[in-house]
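In what follows, a single structure is set out as structure tokens and then discussed.
Residue numbers (the numbering used here): 1 to 113.
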């Protein structure tokens, strides 16, 4: 730990060397704060756009889910052997995808050694 005197000296050096320059820089390039009404309008518009995007994605999800479910149930009704085969292939593919994603994530993680 540093002694109080050393800390005070470092603070004085910082104030003399860096702080004044930073204050001058901040004053020279000060950005005006937006009006509250303008900021609220921006947030409201962003929320509206975000909600519209989420509803569109949800509608697309339900459409695709209905098509897939109809196709799977139609396949089950016609031939249960093809249905079981398709389910097996899907399970193997899902396990392979999860394994590949796990390996990729492990390679990207930080190494501390």
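Glycine is no exception: its CB is placed at the ideal position from the N, C-alpha and C atoms.
About 6 Å separates the beta carbon of residue 82 from that of residue 75, a gap short enough to meet the 8 Å contact definition.
Shown here, residue 105 sits in a helix according to DSSP, grouped into three states. When rounded, the separation of the alpha-carbon atoms in residue 77 and residue 56 is 32 Å. Secondary structure of residue 31 (DSSP, three-state): coil.
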